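> Line order of the protein sequences matches chains H and L.
For the first sequence, the residue numbers in this note's numbering are 506 to 837.
For the second sequence, the residue numbers in this note's numbering are 2 to 68.
Just so you know, even glycine gets a beta-carbon here, dropped at the ideal spot from N, CA and C.
The structure displayed is predicted, hence computed values, not measured ones.
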Amino acid sequence: SSLFVFANKLILKTCGTTTLLVGLGPLLDAVSEYCGFPKDKQPWRVFYSRRSFMFPDRQKHPHKSWKDEVACLDNKFANGSSYVIGDVQKDHWYLYLAGPSDDCTFPRRTVPGSTLGASGSVSNGTSITNGHNLSADAPFDDETLEILMTDLNPVHANQFCSDRIPGVESNNMSSVGAPADDEDPGHDQGNIVTKLTGIDQIYPTLKQTVDSFCFTPCGYSCNGVVNQGNYFTIHVTPEQGFSYASFETNVPAAKYGMSNADVIEKVVNIFRPGRFSTTFMRNRNEDDESDPDSAFSFRCLPSKLNGYQRTERILYELGDYSLVFITFEANR
Amino acid sequence: STDAFEGPEKLLEIWFAPDEHCLPYGMPESGLREIPRQVWEQVLDVVQCKVLSVVSSSKMDAFVLSE
Chain H
506 SSLFVFANKL ILKTCGTTTL LVGLGPLLDA VSEYCGFPKD KQPWRVFYSR
556 RSFMFPDRQK HPHKSWKDEV ACLDNKFANG SSYVIGDVQK DHWYLYLAGP
606 SDDCTFPRRT VPGSTLGASG SVSNGTSITN GHNLSADAPF DDETLEILMT
656 DLNPVHANQF CSDRIPGVES NNMSSVGAPA DDEDPGHDQG NIVTKLTGID
706 QIYPTLKQTV DSFCFTPCGY SCNGVVNQGN YFTIHVTPEQ GFSYASFETN
756 VPAAKYGMSN ADVIEKVVNI FRPGRFSTTF MRNRNEDDES DPDSAFSFRC
806 LPSKLNGYQR TERILYELGD YSLVFITFEA NR
Chain L
2 STDAFEGPEK LLEIWFAPDE HCLPYGMPES GLREIPRQVW EQVLDVVQCK
52 VLSVVSSSKM DAFVLSE
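(1) Taking the C-alpha atoms as reference points, what is the distance between H:Asp825 and H:Met786?
(2) According to DSSP, which residues form a beta bridge with H:Asp716?
(3) Closer than 9 Å by beta-carbon distance: list the chain H residues that pair up with L:Gln43, in chain order.
(4) Over what stretch of residues does the beta strand (DSSP E) that includes H:Gly695 continue unbroken?
(5) Between H:Phe776, H:Ser537, H:Asp592 and H:Arg818, which lies nearest to L:Tyr26 when the distance is taken from Cα to Cα?
(6) Using DSSP bridges, identify the partner residues of H:Phe542.
(7) Round the Cβ separation of H:Phe830 and H:Trp598 to the nearest angstrom and send it over; I've been treating them as touching at under 8 Å.
(8) Could you name the residues of the same chain whose beta carbon sits closer than 8 Å to that of H:Tyr725, not counting the 5 residues immediately before and after it, in chain order?
(9) Nearest chain L C-beta to H:Ser726 closer than 9 Å, yes or no?
(10) Please list the terminal residues of the continuous beta strand (DSSP E) segment that includes H:Leu650.
(11) Could you tell me whether any non-hydrogen atom of the ligand GTP is closer than 8 Å to the CB of L:Glu21?
(12) Does H:Ser764 come within less than 9 Å of chain L when only Cβ atoms are used?
(13) Using the beta-carbon of each residue, which ones in chain H are nearer than 7 Å to L:Gln49?
(14) Can H:Leu533 and H:Leu517 be called in contact, C-beta distance under 9 Å?
(15) Please report the residue range of the alpha helix (DSSP H) in which H:Phe785 lies.
(16) Counting only Cβ pairs nearer than 7 Å, list the residues of chain L close to H:Ser751.
(17) Let me confirm a value: L:Ala18 is counted as buried when at least 16 other C-beta atoms fall within 10 Å, else exposed. Which label applies?
(18) May I ask you to report which of helix, strand or coil DSSP gives L:Trp16?
(19) Would you say H:Arg859 faces chain L, with C-beta separation under 9 Å as the test?
(20) For H:Tyr539, would you say it is in contact with chain L, using Cβ-to-Cβ distances shorter than 9 Å as the test?
(21) Strictly under 9 Å for the Cβ-Cβ distance: is H:Val551 near chain L by that measure?
(22) Classify H:His637 as helix, strand or coil using the three-state DSSP reduction.
(23) Could you confirm whether any beta carbon from chain H is found closer than 9 Å to the beta carbon of L:Arg34?
(24) Is the region 645-654 of chain H in contact with the region 755-762 of chain H, if contact means three or more CB pairs nearer than 8 Å?
(25) Mapping the DSSP letters down to three states, classify H:Tyr761 as helix, strand or coil.
(26) Taking the alpha-carbon positions, what's the L:Asp102 to H:Asn836 distance?
(27) Determine the DSSP secondary structure at H:Ile704, reduced to helix, strand or coil.
(28) Closest to H:Gly779 by C-alpha separation, out of H:Tyr588, H:Ala662, H:Tyr761 and H:Asn580, would be which residue?
(29) With 16 as the cutoff for other CB atoms within 10 Å, does H:Ala535 come out buried or exposed?
(30) In the DSSP assignment, the beta strand (DSSP E) including H:Leu508 goes from what residue to what residue?
(31) So which residues on chain L does H:Phe747 lean against when the C-beta distance must stay under 9 Å?
(32) For H:Met654, which residues of its own chain have a beta-carbon under 6 Å away from its beta-carbon, when the five flanking residues on both sides are left out?
(33) Could you tell me if H:Asn580 is buried or exposed, where buried requires 16 or more neighbouring beta carbons within 10 angstroms of its beta carbon?
(34) Suppose you measure from the CA of H:Ala512 to the CA of H:Leu701; what does that come to, to the nearest Å?
(35) So is H:Val846 in contact with chain L if we call contact Cβ pairs under 9 Å?
(36) With the cut-off set at 9 Å, would you say H:Gly604 and H:Arg550 are in Cβ contact?
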């Protein structure tokens with residue numbers, strides 16, 4: 506599981522039988538107490554998503570069903586919309602979105618360098634714009650690529666079992682490895698796995714720090730901090746019969762001379778799943794409006810992948826975001 | 002297996018402003034990063050996760066969690 510905290514947003518991703526949405530109230534309380542965000546105001550954007558669970562009966566309320574999760578979210582946020590994407594008999598994906606409510610109007614702080622531009626007089630580097638909505642058409646860039654993989658190739662999955670990992674002394678630590686918080690050998694083992702599997706080569710030319718951990722007897726998590734302000738995160742459950750791995754990133758591949766197809770191919774080659782789904786979500790910009798097919802729908806994700814056949818492809822336009830959902834199956 | 006582990010995650014993303022330069026008035030300049038680690042740990046206790054390690058950059062704090 507992972508938590509990413511930026512000045513303006515947070516991302517919390519948890520697996521197993523964790524109770525993420527139970528923590529929503531305490532989380533919003535903390536934002537109110539320490540950041541002064543009014544409790545009665547709606548956040549600017551809320552996204553909640555998950556793949557269909559493998560063992561829903563073992564989840565704790567409200568995570569036993571999508572209906573209960575949506576009810577929990579609707580209890581906290583206004584204007585929420587929920588979606589089920591993909592074949593409900595196979596791998597499918599759930600998404601909940603909430604934007605600003607109608608009364609989401611409050612003064613904002615704008616500092617030089619803002620992509621939104623300052624309004625009003627500047628004093629000590631800061632201006633205050635009264636009563637402006639944080640509007641949906643604000644010029645900002647946001648994209649998230651997620652790859653959810655099941656039925657991992659056993660040879661590839663075994664790389665994430667602690668008894669298969671070479672000793673720490675016999676390996677050079679990854680040059681991108683993060684220092685550990687404690688003496689748990691899982692940190693060192695995580696660094697080794699990061700290097701041996703090629704996870705540190707997904708973005709080989711970018712400045713990155715990868716914080717990795719190997720669980721005993723198996724399992725792996727890592728957070729990659731890329732160019733200070735972007736992230737990727739990987740979580741692996743390698744046990745045969747219910748093996749699973751996920752990759753998620755907000756690194757804008759195109760900005761760094763890569764394509765999402767490049768990234769997907771690298772990640773899939775690390776795990777060689779029997780099946781996987783990919784979601785790519787991005788806010789739309791002017792280029793997309795003028796040529797939506799070439800700018801977003803077709804260029805962003807691969808139609809072919811060596812050793813796999815694409816089984817589904819779904820496009821959505823969700824407010825000011827576009828979403829592509831595709832699924833692949835291995836030609837085994 | 003009766004010990005099968007649920008790998009698929011829940012994913013929550015909350016934005017309080019479009020970017021770090023445009024925080025709501027009243028929020029500190031560091032925004033959500035003003036929240037102390039111990040408070041995040043209390044929130045994560047409710048979620049049933051523990052912090053294993055943290056990496057920080059000029060733009061973000063990244064926590065690897067248990068489970």
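Let's see:
(1) Mapped onto the first sequence, residue 825 of chain H falls at position 320. Mapped onto the first sequence, residue 786 of chain H falls at position 281. Roughly 10 Å separates the two Cα atoms.
(2) For the purposes of this step, residue 716 of chain H is taken as residue 211 along the first sequence, with counting starting at 1. Per DSSP, H:Asn728.
(3) To locate residue 43 of chain L, count along the second sequence from 1; it is residue 42. Neighbours of L:Gln43 on chain H, chain order: Pro531 and Ala535.
(4) Mapped onto the first sequence, residue 695 of chain H falls at position 190. No beta strand (DSSP E) contains H:Gly695, which is instead part of the alpha helix (DSSP H) from Pro690 to Leu701.
(5) Position 25 of the second sequence holds residue 26 of chain L. Out of H:Phe776, H:Ser537, H:Asp592 and H:Arg818, H:Ser537 has the C-alpha closest to the C-alpha of L:Tyr26.
(6) By one-based count along the first sequence, residue 542 of chain H stands at place 37. In DSSP, H:Phe542 forms no bridge with anything.
(7) Your numbering for residue 830 of chain H matches position 325 in the first sequence. Your numbering for residue 598 of chain H matches position 93 in the first sequence. At roughly 6 Å, the Cβ-Cβ gap stays under 8 Å, so H:Phe830 and H:Trp598 are in contact.
(8) The residue given as residue 725 of chain H occupies position 220 in the first sequence. So the qualifying residues of the chain are Phe665, Gly695, Val698, Ser717, Phe718, Cys719, Ile739, His740, Val741 and Pro743.
(9) Taking the first sequence and counting its residues from 1, one reaches residue 726 of chain H at position 221. Yes, H:Ser726 counts as interfacial toward chain L.
(10) In the first sequence, residue 650 of chain H corresponds to position 145, counting from 1. Glu648 to Leu657 is the span of the beta strand (DSSP E), which, as asked, contains H:Leu650.
(11) The ligand GTP is not part of the structure shown, which contains no ligands of any sort.
(12) Numbered from 1 along the first sequence, position 259 holds the residue referred to as residue 764 of chain H. Chain L, which has no Cβ nearer than 9 Å to the Cβ of H:Ser764, makes this no.
(13) Along the second sequence, read from residue 1 onward, the residue named residue 49 of chain L stands at position 48. Going along chain H in sequence order, the residues near L:Gln49 (Cβ under 7 Å) are Thr523 and Thr524.
(14) As a position in the first sequence, residue 533 of chain H is number 28, starting the count at 1. As a position in the first sequence, residue 517 of chain H is number 12, starting the count at 1. No, Cβ-Cβ distance for H:Leu533 and H:Leu517 is not below 9 Å.
(15) Locating residue 785 of chain H in the first sequence gives position 280, counting from the first residue. From DSSP, H:Phe785 is part of no alpha helix (DSSP H) but of the beta strand (DSSP E) over Pro778 to Asn788.
(16) Counting from one through the first sequence, the residue named residue 751 of chain H turns up at place 246. Those are Glu10, listed as they occur along chain L.
(17) Position 17 of the second sequence, counted from the start, is the residue given in the question as residue 18 of chain L. L:Ala18 should be labelled buried.
(18) As a working mapping, residue 16 of chain L is identified with position 15 in the second sequence. L:Trp16 falls in the strand class under three-state DSSP.
(19) Outside the shown range of chain H (506 to 837) lies residue 859 of chain H, about which nothing can therefore be said.
(20) Taking the first sequence and counting its residues from 1, the one referred to as residue 539 of chain H is at position 34. Cβ-Cβ to chain L under 9 Å: yes for H:Tyr539.
(21) The sequence position of residue 551 of chain H within the first sequence is 46, counting from 1. Closer than 9 Å: yes.
(22) Locating residue 637 of chain H in the first sequence gives position 132, where the first residue counts as 1. Low confidence applies to H:His637: its pLDDT is 35, below 50, so where it sits in the model is not reliable enough to give any reading.
(23) On the second sequence, residue 34 of chain L is found 33 positions in, with the first residue counted as 1. By this cut-off, L:Arg34 is an interface position.
(24) Segment contact: the region 645-654 of chain H against the region 755-762 of chain H, three or more CB-CB distances shorter than 8 Å; contact assigned.
(25) The residue you call residue 761 of chain H lines up with position 256 of the first sequence. DSSP places H:Tyr761 in helix when its eight states are reduced to three.
(26) Any answer about residue 102 of chain L is impossible in this case: the structure gives chain L only from 2 up to 68.
(27) Here the question's residue 704 of chain H lines up with position 199 in the first sequence. When DSSP states are grouped into helix, strand and coil, H:Ile704 belongs to the helix group.
(28) Counted from its first residue, the first sequence places residue 779 of chain H at position 274. Measuring from the Cα of H:Gly779, the nearest candidate turns out to be H:Ala662.
(29) As a working note, residue 535 of chain H is residue 30 in the first sequence. Label assigned to H:Ala535: buried.
(30) In the first sequence, residue 508 of chain H corresponds to position 3, counting from 1. H:Leu508: member of the beta strand (DSSP E) spanning Ser507 to Phe511, first to last residue.
(31) The residue you call residue 747 of chain H lines up with position 242 of the first sequence. Residues of chain L passing the Cβ test: Ser2, Ala5, Phe6, Glu7 and Gly8.
(32) The residue labelled residue 654 of chain H in the question sits at position 149 within the first sequence. Counting only Cβ-Cβ distances below 6 Å, and skipping sequence neighbours, we find Ala750, Phe776, Pro778 and Phe781.
(33) Taking the first residue of the first sequence as position 1, residue 580 of chain H is located at position 75. Exposed is the call here.
(34) For the purposes of this step, residue 512 of chain H is taken as the residue at position 7 of the first sequence. For the purposes of this step, residue 701 of chain H is taken as the residue at position 196 of the first sequence. Between H:Ala512 and H:Leu701, the C-alpha separation is close to 34 Å.
(35) Chain H is shown from 506 up to 837; residue 846 of chain H falls before or after that span and cannot be answered.
(36) By 1-based counting over the first sequence, the position of residue 604 of chain H is 99. By 1-based counting over the first sequence, the position of residue 550 of chain H is 45. Yes.
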